Every structure is written in C-alpha cells, then in structure tokens.
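I have placed the structure first, in the form of structure tokens, so that the comments after it can refer back to it.
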Amino acid sequence: MNSNDSVKTEQLWSHLWWLVVLEQQGSFTAAAARLGVSKAAVSQHIAGLERAAGVPLVRRTTRSMLLTEAGQHLVQDTRDAFARIAGSFAQVRDLADAPRGRLRVTAPVALARQHLVPRLPGFLDKYPDIQLELDLSDQLRPLSQQGLDLAIRHIATPPENHVAWALCATHSVLVASQAYLDRHGPAPASPDELRQHRCLHYPRGQEAAAWTLQRLGRGGGARATVPVRGPLVANNSEALRDAAIAGLGIALVPDFSAQAALASGQLVRVLPQWRPMGAFSDTIYAMRPYSAHVPRAVAVFVEWVREVFAQGFAPD
C-alpha cells in the first residue's frame with residue numbers, strides 16, 4: 004500500500020464506524036438517530052465508502068436494509084477494533100476526578116415514573132457532569148443494539164452475556180378499590196371466586212387470560228389457575244392500577260406499581276393470603292452488557308440505584 008492509499012483509508016475511518024452503527028441499528032433512520040445526524044448524511048457516508056471499496060456494501064429496499072457479504076466482512080473485521088477504541092477512550096476520560104459523560108438507561112415505565120424519576124434530582128445534583136438519558140419502556144430490547152449502557156428490569160434470569168445486580172425482590176398483587184368491592188362484593192374468599200368478578204388483565208401474547216395463585220401460610224404451596232375476564236386489558240401496570248382505583252375491577256399488578264395507592268387507601272389487597280404467580284418476575288435487576296471496562300458513570304449509577312431499591316416495595 005502506498006502513502007496515498009494509506010491517506011485515503013484513514014479518511015474513511017469515520018465512514019467505517021458509521022457502517023458498524025448501521026449494522027447494529029438495522030436501518031438508516033435508527034443509525035442517524037444514534038449518530039445524531041440526518042438520514043441523508045448516513046446515506047452519503049455509506050455511498051462514499053462503497054465508491055472507495057468498489058463494491059456494494061448495503062442492499063437497500065423500500066422496507067429493509069441488509070449488508071452484502073462485503074459489508075458484513077468489513078463490519079466483522081472492524082467492530083471489535085472500534086469497541087476497543089471506545090473502551091480505551093472511556094478509560095482515559097475516567098481518569099478525571101468526577102464521573103462524566105452521557106449515560107443511557109432504560110427502565111420499565113411504572114417503575115421509573117414512580118420510584119426512579121422522583122429520586123433523580125439527588126443523583127444528578129451529586130454528579131452534575133453526567134448527562135442522563137432515560138428510556139422508559141416495558142419492552143426487553145438488546146442493549147448494545149440500542150446504544151444503551153444499563154437496563155433496570157424485572158426478569159426471571161438476566162442474559163448470560165450481561166453483568167447483573169439484583170436490586171430487590173418484587174411481587175405481584177391483586178388490588179381493587181373499596182368502592183368496587185362494596186358495589187360488586189363480597190370480596191373473593193378463594194381464587195375460584197374471581198370468576199364472578201371484573202378482572203383487569205395484563206396480556207401475554209395470545210395466551211388465554213388466566214391467573215395462577217399460590218396459597219401462603221397455612222396450606223401453603225397449593226396452587227389454583229383461574230380463567231378471568233373483565234372490561235379492560237392493558238399492557239401497562241399503571242393503566243391497570245388507575246383503572247382499579249377508578250372502580251373498574253380487580254387488577255393484577257406489580258407491587259411497585261400499587262405501593263403508593265395501597266398506602267393511601269385508594270386500593271386494598273384482594274386475596275392477600277394468595278400470591279399471584281408467573282404474571283411478573285420476582286426480582287428487579289440492574290444489568291449491562293459484559294465489557295472489560297465499566298465507565299465510572301455506569302458504576303456510580305448502579306451503586307446509587309442499589310440504594311434506591313434496597314428496601315423493596317412494601318406499602319409505606
């Protein structure tokens with residue numbers, strides 16, 4: 004390779020990085036959002052890289068984007084190198100006295116709105132050089148593909164390629180307003196009596212609406228699965244909680260979503276001697292993709308969030 008070829012290759016390093024981001028994000032629109040540029044700019048960079056390479060790197064259609072064999076080869080050969088560069092630069096930045104930089108965290112909607120966001124001023128006051136980007140979503144998405152540094156999730160088992168910290172236990176609860184129970188009572192004394200009530204359900208794919216409960220205390224271990232029906236199905240626990248407060252029926256929600264309403268008396272427990280099983284996971288984790296280097300911003304946020312959730316979600 005002569006000196007002119009070397010210069011040309013060096014000028015294309017940013018183009019190669021944009022190709023890696025395009026492969027990770029899966030579309031020009033998502034890559035542009037990740038890079039903070041226009042979709043046209045991404046397209047121009049990739050076109051310039053294709054001209055320099057002399058072969059197509061991306062197959063474009065109106066509905067999809069796929070890398071060619073040559074494009075896949077380039078990404079596979081350069082992805083790890085870019086990751087090492089990013090890690091090395093992060094280590095250098097972490098030599099500064101205070102944690103700094105952008106920190107992208109995803110968390111469930113209800114958990115974040117009720118228990119995380121109200122406490123964030125204390126964290127951001129302590130670490131003014133951290134720019135926090137909070138992604139509220141109940142969807143479990145690959146962190147690396149979304150450019151996310153950390154996820155807070157209630158899941159059964161963290162992915163094997165992630166580092167995870169158990170923050171606290173969480174349980175599902177059946178709740179209703181006292182006004183609903185007065186109007187449609189009596190309150191169920193056994194799981195089977197849920198059949199006669201309006202039940203507010205969180206859907207799980209195409210599965211039929213049914214709740215499984217396990218007996219606590221005396222007779223503990225016995226289980227019952229009951230088909231349920233009601234006027235509302237919603238894939239957000241806050242919506243179900245608010246509907247229960249409004250008197251629409253009995254809702255099955257995570258304890259963190261119902262905690263404040265139970266403490267205030269807006270809701271009461273239904274079948275407290277029975278624990279719902281399988282509706283939501285029993286542990287809340289903080290987790291990040293495995294990497295040899297952990298940015299200080301991630302480390303201090305994990306330390307802080309472990310303190311935030313240390314007490315769990317028993318009603319105040």
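Take the sequence shown: its letters are residues 4 to 319, numbered as in this note's numbering. Cβ coordinates follow ideal geometry from the N, Cα and C atoms, glycine included. As the structure is a computational prediction, the values presented were derived from the model and not from experiment.
- In the three-state reduction of the DSSP assignment, Thr-32 falls in the helix class, which pools H, G and I.
- Judged by DSSP secondary structure, Glu-136 falls within the beta strand (DSSP E) whose first and last residues are 133-139.
- Between the stretch 232-243 and the stretch 73-89 there are fewer than three inter-stretch CB-CB distances shorter than 8 Å, so the stretches are not counted as touching.
- Look at Ala-56 here: in three-state DSSP terms it is helix.
- One thing to note: Ala-264 has its Cβ within 8 Å of the Cβ of Arg-244.
- In the DSSP assignment, Tyr-183 falls within the unbroken alpha helix (DSSP H) covering 181-187.
- Ranking Val-78, Ala-101, Leu-139 by CA distance to the CA of Ala-302 puts Ala-101 first.
- The shortest C-alpha to C-alpha distance from Tyr-288 to any of Gly-125, Arg-82, His-157 is the one to His-157.
- The stretch 120-140 makes contact with the stretch 296-313, as at least three CB pairs between them are under 8 Å.
- Exclusion of the five residues before and after Pro-292 leaves Leu-146, Ser-147, Asn-164, His-165 as the residues of its chain whose Cβ lies within less than 7 Å of its Cβ.
- The beta carbon of Trp-168 sits closer than 8 Å to the beta carbons of Tyr-288, Ala-289, Met-290, Val-305, Arg-309 from its chain, once the five residues preceding and following it are set aside; these are given in chain order.
- Boundaries of the alpha helix (DSSP H) around Val-308: 299-311.
- According to the DSSP assignment, Gln-217 belongs to the beta strand (DSSP E) that extends over 213-218.
- Nearest to Gln-181 by alpha-carbon distance, out of Gln-134, Ala-172, Ile-253, is Ile-253.
- Short of 7 Å from the beta carbon of Lys-42, and not among the five residues preceding or following it, lie these beta carbons of its own chain, in chain order: Phe-31, Thr-32, Ala-35.
- In the three-state DSSP reduction, Arg-291 falls in the strand class (E or B).
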